[in-house]
Amino acid sequence: MAIGKHFNLGESTVRAIKKNEATIRKSAISGTKLSTKFASYIRDVLLERTERAIGIWIEEQVQRRIPVSGYLIQEKALQFYKSMKQSEPSTSTSQAGKEFSASKGWLTGFLKRNALHNIKVTGESATADEGAAKIFPEELAKIIEDGDYSADQVFNADETGLYWKKLPNRTYITKNCKWT
């Protein structure tokens with residue numbers, strides 16, 4: 001333990017070094033660092049380009065005040081990835097055998113890497129045009145009469161929600177961007 005005091009090392013550190021002596025010596029002889037024995041992950045170049053394109057696309061949507069959902073980001077990422085993959089030569093640096101799926105895990109990582117956060121989209125609801133509402137019953141009666149429609153063919157859609165291809169009520173933006 002005198003060597004530990006000399007190098008200002010704790011007793012447990014000295015014991016760990018002594019225990020792993022053979023591994024440490026083998027690593028020193030081979031000339032490789034012990035840290036290189038740990039696995040690291042190299043990201044797909046094609047995926048990196050896809051993510052940059054998605055980031056630009058999100059910024060464009062925010063500038064146009066079009067809300068972007070997580071599902072929409074995933075779908076657009078798949079479109080960009082497939083498009084870029086088709087235009088790239090087969091000898092590219094993309095990872096062979098791995099197909100990009102734009103999973104929820106990927107989305108979570110993408111949002112963190114790009115510092116995107118989710119906000120609720122708020123705004124003033126459209127106010128009704130009272131003038132047009134007053135004259136509309138007369139116009140409707142004329143349309144029904146001219147078209148020879150029966151009462152069964154007339155439908156009142158007042159305050160009826162139409163949700164087909166409805167825009168999301170939340171969107172993703174960067175921290176320095178404001179949705180006003």
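If you read the sequence shown in full-length UniProt numbering, its first letter stands for residue 1, the second for the next number, and so on. No residue lacks a Cβ here, since even glycine has one placed at the ideal position from N, Cα and C. These numbers come from a predicted model, not from an experiment.
Where E59 falls, given that 16 or more other Cβ within 10 Å makes a residue buried: The residue is exposed, with fewer than 16 neighbouring Cβ atoms inside 10 Å.
Are the beta-carbon atoms belonging to T174 and A115 less than 7 angstroms from one another? With respect to the 7 angstroms criterion, T174 and A115 are classified as neighbours on the basis of their beta carbons.
Outcome for Y81 when other beta-carbon atoms lying within 10 angstroms are tallied against a minimum of 16: buried
Alpha carbons only, please: which of A28, L140, F100, S30 is nearest the one belonging to V45? F100
With the cut-off set at 7 angstroms, would you say N176 and V121 are in Cβ contact? no
If you draw a straight line from the C-alpha of E11 to the C-alpha of R43, how long is it? 40 angstroms
Going by DSSP, which residues form a beta bridge with H117? I173
When the distance is taken between beta carbons, is L107 closer than 7 angstroms to Q74? yes
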